[in-house]
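The numbering used here puts the first residue of the first sequence at 2, with every later residue one more than the last.
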Amino acid sequence: MADPRNIPDGAPSDFPFDLPAASPRPGGIAARAAALARPDGAGHARGVYLDGLNPEQRAAVEATDGPVLVLAGAGTGKTRVLTTRIAHILSLGLAWPSQILAVTFTNKAAREMKERIGAMVGEEVEGMPWLGTFHSIGVRMLRRHSELVGLKSGFTILDTDDQIRLLKQLLQAEGIDEKRWPARLLANIIDGWKNRGLGPQQVPAGEGSAFANGRGGAFYAAYQARLKALNAVDFGDLLLESIRLLRENPDVLAEYHRRFRYILVDEYQDTNVAQYLWLRLLAAGSRNVCCVGDDDQSIYGWRGAEVDNILRFETDFPGATVVRLERNYRSTGHILGAAAHLIAHNAGRLGKTLFSEGESGEKVTVTGAWDSQEEARAIGEEIEQLQRQGHALTQIAILVRASFQMREFEERFVTLGLNYRVIGGPRFYERAEIRDALAYLRVIASPSDDLAFERIVNVPKRGLGDAALRQIHDHARAAQIPLIEAARELVASEELKPKVRLTLRDLVASFDRWRGQMTSLPQNELAEIVLDESGYTEMWQKDRSADAQGRLDNLKELVRSMEQFENLIGFLEHISLVMDVEGAAGGDAVNIMTLHSAKGLEFDTVFLPGWEEGVFPNQRALDEQGRAGLEEERRLAYVGLTRARRRAKVFFASNRRIHGMWQSAVPSRFLDELSEKDVEVTESRGGQGWGGGQSGRYGYGPSRFDEAQTFGSSYSTPGWQRAQNAARSNSGGGGFSGGSFSDNRPSRFAASEKARGGRVIEGELIAKSTGPASRFAIGDRVFHQKFGYGEVASVEGNKLTVQFDKAGEKKVVDSFVDAA
DNA sequence: GAGAGTCGGCTTTTT
DNA sequence: GCCGACTCTC
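What follows is the structure, given as structure tokens:
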């Protein structure tokens, strides 16, 4: 092959793409990369970017021909390999920047990759138009060839919220009971099919009947038809329709084959079937596909990721080079040892053993606490101590399995006055006020966006309720026009009530006016005018609820963030794909986040609370996914441990409040899967030790919690507090101590019988004997205004469980019933 | 159409 | 125990 770059970008006949400025301008990325390769190039020796790579990394970078799988363990320099590989390809002149397809999962990863490549070869990275997320690249393809998949250019991208509202309408139209068959469930099922690359026609018959008595498949088809009618796609379609585009149009596929000389995929273990199919189609061209990933860090199976994709790579791409990166640059020896021992309990992995050349460092600590409050207290104290020793709070993270665990820490840190930052949670663009504001803008930008129109037609309340909306809907359906056009026609007619007619006339006129200003005003000024004139801002100003001010601030932030875009359309396109907003850096603060959102991050000190059966591994994962679920939970534990550079500190509590109920818990089996030589069992600094779990035996299974001790809601009564104080003061007797190592129970974290018995019984007795005594006793006949006559089945404080003659068993507060 | 009251659900999360 | 969705009433 001659110079592979002999098809210059922008050559009109060969590449019918609207190519960005990627031709070899003097300052372009390719020119800079090429300069790197020349001995005299800007002072760089040839291949200077290769310096400092270890032999495996270098092999992964230099294996440019054919399929390559890089198995990159945690902390082994995965991103560095990816970015260096791109720099290498560019500097050898193997491809232009626009001939490299580089895919990531998140916008954040794409951004980081751009920055790092930019730092390596020069600042200009716009030269890599095909570096992005699966979805953004899918959109790019679909926008170019929209007519080939039955869309008009300028189609809208619906997010989950829109998706569910659309499905709700479909279900309602068919008279489906939404209690039994929620739209959300259908959305999940459809997403599942799309994740697997299945269109409505390809859904296996049996599965299609899973929803609403055999109508799942039909609803899927109807939903897709609705999307087409709205000229819209959902996130799943971005891939599914791209696949269809490539499959049904060999000429288009051939063009992409010629274009993409090199394909790189990040986090390959997280790809789903659809992404895999898409990738295979594209990779069939050059066959130069390089996937980087770690099967041990696959934690997104529940949303369609197929670990199998990475496990099967060598079969899928015959002749693949496999490079293992096992040299860890992040964690100390003990942390790696503990993590490696844990993950070795998983079957079905490709098998890597991380090693480090650094020191072994501190052992991983395992600490038991009496309950989740004490767990938070102990962690708070350790953090304060680290802080006193001069450690930065930003280098400390608390990684939880589920977000309900966060609150305990937040409360504790507020009392301590310790700065913290919760990462994750509801994102900026998901907030109601932001979505409302965006809906206004969407209607302005594309009048046929019915979902957006519906969202704000009566927000703020302007008297256009259900009845009015139904009229508009009916007319729109009959005339086959968008809602806002239907509204316009109705206003011109005599159909509406006078008051409704006036309001609707004003609203339609407002939209016309705003649309007229779209070209003359910058989009942020327009947004401000729209929010003002529509009464939306005023609605929140009048609102006296606590978060109203926060919402107004968010709206301001939204308007401010619009400045940096070229126009309204550009802004809307951006936010439909990039639902995150640059996180405010904030000062020195402890990071609190879920294990899932911690993937890819690292901290000096990592606290891992809540290692209890049922919480972690999560009970539902076990119930629903069985062994596969357990293994994914274990990978999650592995991810958690390997986030730590110097200190990993695991905690478990014997009692935890879940859904408002106190439940005693068994220490997680994962604790016993940590290698003993790397672990140190410490006592909680709170001092009261822990009460232990049920049996200390490994009879794990779904029934484990059936006999779990549960306490009533009287936990905060003086009696309960006395019980806790009592527990605190006699920690010597029942507390956890190294002593339980010497008994020959299967688990070294199992409770001593003594500790367990004393605590639990005490708590139970006190909990039952306190609280406001009810006027009623078991067996009493009572009367309730709503439920009628019944018999008291149980009494918990002032709460009664009553077996009503007609209404069945209900829980009621005793002030609502009278003696019969 | 607003406000109060009731009921059910409740892992992880990106695009 | 808390939150959101829905219903009921005025």
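Using N, Cα and C, we set each Cβ at its ideal position, and we do this for glycine too.
Asked: Supposed contact pair A403 and D643 - C-beta distance, whole angstroms, cut 8 Å; Found: At residue 643 the sequence reads Thr, which differs from the Asp that was named. That pair is no contact at about 20 Å.
Asked: Start-to-end residues for the beta strand (DSSP E) that takes in A398; Found: I397 to V401
Asked: Sub-8 Å separation of A453 and A468 beta-carbons; Found: no
Asked: Contact the segment 515 to 522 vs the segment 431 to 451: 3+ CB pairs below 8 Å; Found: yes
Asked: Coarse secondary structure for F318, derived from DSSP in three states; Found: coil
Asked: Residue range of the alpha helix (DSSP H) that includes S137; Found: F135 to R145
Asked: 8 Å Cβ cutoff met for L465 and H476; Found: no
Asked: Residue from Q58, V591 and G601 whose Cα sits closest to the Cα of A398; Found: V591
Asked: Whole runs of the alpha helix (DSSP H) within the segment 165 to 247, excluding any shorter than 4 residues; Found: 184 to 196, 206 to 209 and 217 to 230
Asked: For R227 and T84, the rounded distance between their alpha carbons; Found: 41 Å
Asked: Between the CA atoms of L602 and L265 - distance to the nearest angstrom; Found: 21 Å
Asked: Which of helix, strand or coil DSSP assigns to R350; Found: coil
Asked: Within 8 Å, strictly: CB atoms of Y257 and N310; Found: no
Asked: Within 8 Å, strictly: CB atoms of L442 and E57; Found: no
Asked: Minimum C-alpha distance to L419 - residue among S137, G536 and G588; Found: G588
Asked: A820, buried or exposed, once every other Cβ within 10 Å from all chains shown has been counted against 16; Found: exposed
Asked: Inter-residue spacing [alpha-carbon to alpha-carbon] between E486 and R245; Found: 33 Å
Asked: As assigned by DSSP and simplified to three states, the class of A275; Found: helix
Asked: Which of helix, strand or coil DSSP assigns to K650; Found: strand
Asked: Assigned exposure category for Y537 - 16 Cβ within 10 Å defines buried; Found: buried
Asked: N592, enclosing beta strand (DSSP E) - first and last residue; Found: V591 to T595
Asked: Classification of S494 by the beta-carbon crowding that lies within 10 angstroms, buried from 16 upward; Found: exposed
Asked: Rounded separation between E614 and V682 - CA only; Found: 18 Å
Asked: Cβ-based burial, T77 [other Cβ within 10 Å; buried from 16]; Found: buried
Asked: Between the CA atoms of A622 and A638 - distance to the nearest angstrom; Found: 14 Å
Asked: Nearest neighbour of Y224, chosen from K180, E175 and A370 [CA to CA]; Found: E175
Asked: Run of the alpha helix (DSSP H) containing S562, from where it starts to where it stops; Found: A549 to M563
Asked: Burial state of A547 (16 or more Cβ within 10 Å); Found: exposed
Asked: Separation of E633 from K218, as counted between CA atoms; Found: The identity of residue 218 in the sequence shown is Gly, whereas the question assumes Lys. For G218 and E633, the distance between alpha carbons rounds to 30 Å.
Asked: For D372: DSSP bridge partner residues; Found: N656
Asked: Spatial distance of T322 from F356 (CA atoms); Found: 22 Å
Asked: Nearest-angstrom Cα separation, counted from F572 out to A488; Found: 27 Å
Asked: contact_flag[the segment 333 to 344, the segment 361 to 374] where n(CB pairs < 8 Å) is 3 or more; Found: yes
Asked: Counted within 10 angstroms of its Cβ, other Cβ atoms place I457 as buried (16 or more) or exposed; Found: buried
Asked: W515: first and last residue of the uninterrupted alpha helix (DSSP H) it sits in; Found: P499 to Q518
Asked: Residues near G425 in its chain [Cβ-Cβ closer than 7 Å; skip 5 each side]; Found: M594, T595 and S598
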